[in-house]
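Shown next, in structure tokens, is the structure this report addresses.
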Amino acid sequence: MKYDMQPNLKSTPLLNEHIKSSAKMVPFAGWNMPIQYEGIIAEHSHTRTQASLFDICHMGEFYIKGDAADTGLENIFSFSIGNISVGKCRYGPMLNKEGGIKDDLIVYRLSRDEWMVVVNSATIDKDAEHIKANLKKGAIFENRSEKLAKLDLQGPLSREIVTGLISPDIGRLKYYTFEYFDVLGEKSIVSRTGYTGELGYEFYISSGKAAELWNHLLKDKRLKPAGLGARDTLRLEMGFSLYGRDVTEETTPLEANLERFVNFDRDFIGKDALVRQKKEGVQKILIAFKTDSRRAPRHDYSILKDGKEIGKVTSGSFSPSLSCGIGLGYVDVKFSKAGEAIVIKHGPAEIKAAVVEKPFYKKSSIQGSNVV
Amino acid sequence: MNIPDDLLYTKEHEWVLIEGNKGKVGISDFAQSQLGDVTYVEVPEVGREVKQSEGLATIDSVKAASDIYAPMSGKVTEVNGSLESAPEAVNKSPYAEGWIAVIEIKDESEKNNLMDSKKYAEYVKTLGDHE
């Protein structure tokens, strides 16, 4: 059970800081990651009311240089990137030929012909292969995942904390924009993005500086470290999908309710399959549901309607903000309307639930959740 | 790690406090620390007959749902109803307010399958505590 002794797990540059803070370390997507420090519910509530710092160094960053159209980069994503302004970022899926989601990611436009693509940790290698295979000659592709550390600062107090400790200029960043700032003497990208639903910032800094930045930010005593456990309950309360669970190569953006991140007015990998599916209509669709008790639904539990299985839970947890069970799952489209009564079943246990609109948690400090 | 002397323990980290023919059951401090924040406890029905090592209750934490096994065979005579609204008692007070059920013990010799506090402490040590 000494997870930190497992030799084949990768460690982030912050491992020693986690050990010093007595974090509970668990294996996650091949990485030795902190799941909690003080406790998931305490860290969750602290993020909702104050601010928390997350080690997200396991995620991947690619640098690409080349014109969006000329290099074929534009065709790799289901959303357009050619019209992203320099200094802005955009979320969306990258599809396989069948329209299945290879990954969901964020594209940063660094200059007219330079891009940073931030991808999920478990998909770094597969994504790099896919992008390289579809880029034309002349494009430069560099996987900077090992070199770059990513620290997420999230919570309503995060603006006060970064303007106090890093630079007052960071306060001017608008949602889904970024700039280069001097962070501990290094020119680094800071974006106003996140996965919690709260006001927050993501820092991209060289791995060698990660521990220094971690400790520097934690000098503000209102800020506390939070682990992947709280990150998961925070994102789920917003109804944000988790790659590998709620969205996979077997689900399309139409099924995953991500159609607003698909631009059909241009060519992209997977378009033909999506156009066909749009015409024929989807069979299953991702729903959000709430249980009528503290009982939590879990990944892979069955979703029933009138005793018959209509789908499976993909993500489920107890919601610390709502004090009830919440979850996401795919069901037959017939049963996907808000208000539909369903039952979540696991072994002999049956939990009553109802389909609801996202987000589950409506009081978060980012306004409007049209950006996932 | 708190391991009271007057209790007997299972390998699955339940404890039982034997008083006469009654056994009060809960989970150990080690178990609650491994589970993390407890959010829901499904207690058994009063009157249910359980066998030693059979599923007695389910505990949901933020991380996972875990089965709690009966440390001894017998009939459930009492359950801790306050856990319905305050399941966090299992974390805060695993040996007192966080008790789960009381069983009317059928066969006291089943005690021999359980560990005393000293043996349990050694057992927990072998599992390694990565806190």
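Top line first, the protein sequences correspond to chains L and G. The first sequence begins at 0 in numbering that gives the first Met the number 0 and counts up one residue at a time. The second sequence begins at 0 in numbering that gives the first Met the number 0 and counts up one residue at a time. A virtual CB, placed ideally from N, CA and C, is assigned to each residue, including glycine. Source: prediction; values computed, not measured.
For glycine 324 (chain L), the three-state secondary structure derived from DSSP is strand. Under a criterion of Cβ atoms nearer than 9 angstroms, the residues of chain G adjacent to glutamine 35 (chain L) are, in order, Gly35, Asp36, Val61 and Lys62. Fully contained in the region 294 to 325 of chain L are the following beta strand (DSSP E) runs of length 3 or more, in chain order: 301 to 304 and 307 to 318. From the beta-carbon of proline 86 (chain G), the residues of chain L found nearer than 8 angstroms are Arg293. Residues of chain G with a Cβ closer than 9 angstroms to the Cβ of phenylalanine 317 (chain L) are, in chain order, Asp36, Thr38, Tyr39, Asp59, Ser60 and Val61. The shortest CA-to-CA distance from lysine 23 (chain G) to any of G:Phe29, G:Asp5 and G:Ser32 is the one to G:Asp5. A Cβ-Cβ contact shorter than 9 angstroms links aspartate 271 (chain L) with lysine 96 (chain L).
In the DSSP assignment, tyrosine 90 (chain L) falls within the beta strand (DSSP E) that extends over 88 to 94.
For phenylalanine 53 (chain L), the pairing in a beta bridge is given by DSSP as L:Asp151. Taking all protein chains shown into account, serine 187 (chain L) has 16 or more neighbouring C-beta atoms within 10 Å of its C-beta and is therefore buried. Note on serine 81 (chain G): under 16 other CB atoms within 10 angstroms of its CB, so exposed under the neighbour-count rule. Here the region 326 to 335 of chain L lies against the region 282 to 301 of chain L, with 3 or more beta-carbon pairs under 8 angstroms apart. With contacts defined by Cβ atoms closer than 9 angstroms, lysine 101 (chain L) and glutamate 248 (chain L) form a contacting pair.
In the three-state reduction of the DSSP assignment, isoleucine 80 (chain L) falls in the coil class. Put simply, of L:Ile40, L:Thr46 and L:Ser79 the residue whose alpha carbon is nearest the alpha carbon of aspartate 264 (chain L) is L:Ser79. Going by DSSP, aspartate 59 (chain G) is part of the beta strand (DSSP E) stretching over 54 to 60. Taking C-beta atoms as the reference points, lysine 344 (chain L) and isoleucine 302 (chain L) count as a pair closer than 9 angstroms. In the DSSP annotation of this structure, the continuous segment of the beta strand (DSSP E) that includes tyrosine 62 (chain L) starts and ends at 59 to 64. Taking 9 angstroms as the cut-off between beta carbons, none of the residues of the region 130 to 150 of chain L comes near chain G. Burial is judged here by how many other beta carbons sit within 10 angstroms of a residue's own beta carbon; glycine 25 (chain G) has at least 16 and is buried.
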